[in-house]
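Colleague: Numbering (this note's numbering), first residue to last: 42 to 450. Even for Gly, the Cβ is constructed at its ideal location relative to N, Cα and C. This structure is in structure tokens; I'll ask about it shortly.
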Ligand SMILES: [Zn+2]
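Written as structure tokens, this is what we have:
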């Protein structure tokens with residue numbers, strides 16, 4: 042197709058009008074951008090400006106009409122492409138706040154679990170590398186995912202880059218592997234949909250040179266190299282993995298709680314001790330994201346309740362950190378809050394906190410077990426927050442410890 046006029050126009054250029062005078066070209070390009078972002082009115086406006094510019098540059102009216110038609114086609118194509126990208130990308134931005142921390146995405150390939158998870162032994166099922174009561178025949182908790190390596194160096198050592206799961210801030214790293222069963226590990230604070238979540242990456246070989254506490258990181262940014270460090274177990278080369286957790290933070294006064302709860306015992310990691318980070322089911326989160334229906338607040342709120350407890354405490358840090366988990370109670374709002382009725386999941390995550398007035402509380406006890414979801418207690422017993430004694434359920438030592446940490450101030 043040829044345009045009449047004194048200015049030749051290349052019609053096959055990705056952005057039409059490549060050889061037009063500069064001012065007109067700018068006008069048309071701006072029109073294309075406006076078409077994508079500002080709608081048709083601004084587009085037409087721009088063509089009027091462009092037409093005037095064109096006349097000044099010696100382009101004929103016929104050429105401009107043809108040019109408008111050609112550019113409109115390009116604009117429409119680009120607009121459709123942009124809309125298509127936004128349409129398909131929107132769920133990813135809105136509903137997939139967490140990315141895989143390595144290039145290993147085999148979780149999404151049906152039947153490829155053994156390519157994704159590193160089991161504890163070659164003959165153990167993949168579930169031993171997953172989240173939950175999966176260790177020691179269901180009696181020991183594993184709070185993260187052990188994600189297998191994909192690449193090694195000549196000596197067989199893992200070299201997979203480890204990446205931030207979401208935008209966030211580096212809050213801690215430990216580079217003295219002898220001080221933790223996590224070995225070298227790194228913690229990043231994220232705020233997802235207004236909710237503070239802490240990702241943890243363990244058994245690292247090294248963290249990215251130059252990365253410091255307080256640094257902002259972007260989702261997908263390389264933060265470390267996978268390794269096999271730990272003070273508790275020897276991780277064989279074949280099962281080299283990153284141990285990956287997504288957690289809620291229980292108490293920012295953890296260090297002072299630890300001093301009185303575990304006198305004489307070392308705490309080398311301040312608030313960033315694993316006991317202060319209660320893990321969420323990362324496998325479930327990543328699978329829900331794949332389905333495209335993930336919402337973090339709904340996910341936390343819809344945890345299966347292990348038990349409900351009443352605590353006579355009113356001003357502990359968790360309430361301020363996770364106000365979206367605090368429910369409304371008009372009686373307590375009117376009479377004043379004397380305690381909280383708290384729903385815990387099997388891993389001790391407090392996912393619903395109902396304020397209670399003095400008139401609603403029957404017992405003087407500091408911690409009162411109100412109810413136990415028995416099927417859940419039997420299905421996921423490994424944290425032993427509640428225990429069955431003499432035919433009835435009561436708070437176990439681990440449950441009391443969890444509540445003391447939660448309400449410590
Ligand atoms: Zn692990």
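Less than 7 Å between the CB of residue 190 and some heavy atom of ligand 1, yes or no?
Modeller: No - ligand 1 has no heavy atom lying nearer than 7 Å to the Cβ of residue 190.
Colleague: Does residue 344 pass the burial test, meaning 16 or more other C-beta atoms within 10 Å, or should it be called exposed?
Modeller: The residue in question, residue 344, is buried, as its Cβ has 16 or more Cβ neighbours within 10 Å.
Colleague: Quick one: any contact between the segment 270 to 277 and the segment 426 to 440, if contact means 3 or more CB pairs under 8 Å?
Modeller: Too few Cβ pairs lie closer than 8 Å, so no.
Colleague: Please classify residue 414 as buried or exposed, where buried requires at least 16 other C-beta atoms within 10 Å of its C-beta.
Modeller: Residue 414 should be labelled buried.
Colleague: Please state whether the Cβ-Cβ distance between residue 9 and residue 394 is less than 8 Å.
Modeller: As shown, the chain starts at 42 and ends at 450. That puts residue 9 outside it, with no answer to give.
Colleague: In chain order, what residues of the same chain have a beta carbon less than 8 Å from the beta carbon of residue 404, not counting five sequence neighbours either side?
Modeller: Hits under 8 Å: 351.
Colleague: Residue ranges of each alpha helix (DSSP H) run of no fewer than 4 residues wholly in the segment 291 to 357, ordered along the chain?
Modeller: Entirely contained in the segment 291 to 357, the alpha helix (DSSP H) runs reaching 4 residues are, in chain order, 295 to 302, 323 to 332, 337 to 342.
Colleague: From residue 176 to residue 157, what does the alpha carbon distance come to, in whole angstroms?
Modeller: In a straight line, the C-alpha of residue 176 is about 17 Å away from that of residue 157.
Colleague: State the Cα-Cα distance for the pair residue 220 and residue 139, rounded to the nearest angstrom.
Modeller: Approximately 28 Å, taken between the alpha carbons.
Colleague: Go ahead and pull the three-state DSSP assignment for residue 206.
Modeller: Coil at residue 206, not helix or strand.
Colleague: According to DSSP, is residue 412 helix, strand or coil?
Modeller: DSSP places residue 412 in strand when its eight states are reduced to three.
Colleague: How is residue 215 classed by DSSP in three states: helix, strand or coil?
Modeller: Correct three-state label for residue 215: strand.
Colleague: I'd like the span of the alpha helix (DSSP H) that includes residue 448, first residue to last.
Modeller: Note, residue 448: alpha helix (DSSP H), 438 to 448.
Colleague: Can you say whether residue 268 is buried or exposed, counting buried as having 16 or more other CB atoms within 10 angstroms of its CB?
Modeller: Buried is the call here.
Colleague: Is any heavy atom in ligand 1 found nearer than 7 Å to the beta carbon of residue 268?
Modeller: No; taking the cut-off as 7 Å, the Cβ of residue 268 has no heavy atom of ligand 1 nearer than that.
Colleague: Any chance the CB of residue 187 is under 7 Å from a heavy atom of ligand 1?
Modeller: Yes, since a heavy atom of ligand 1 falls inside the 7 Å radius drawn around the Cβ of residue 187.
Colleague: How should residue 251 be labelled, buried or exposed, when 16 other C-beta atoms within 10 angstroms of its C-beta is the threshold for buried?
Modeller: With fewer than 16 Cβ atoms within 10 Å of its Cβ, residue 251 is classed as exposed.
Colleague: Starting from residue 237, trace the alpha helix (DSSP H) both ways and give me its first and last residue.
Modeller: Taken as a continuous stretch (DSSP letters only), residue 237 belongs to no alpha helix (DSSP H), being part of the beta strand (DSSP E) at 236 to 248.
Colleague: Say whether chain C places a C-beta atom closer than 8 Å to the C-beta of residue 233.
Modeller: Structure shown: chain C not included; a single protein chain is present.
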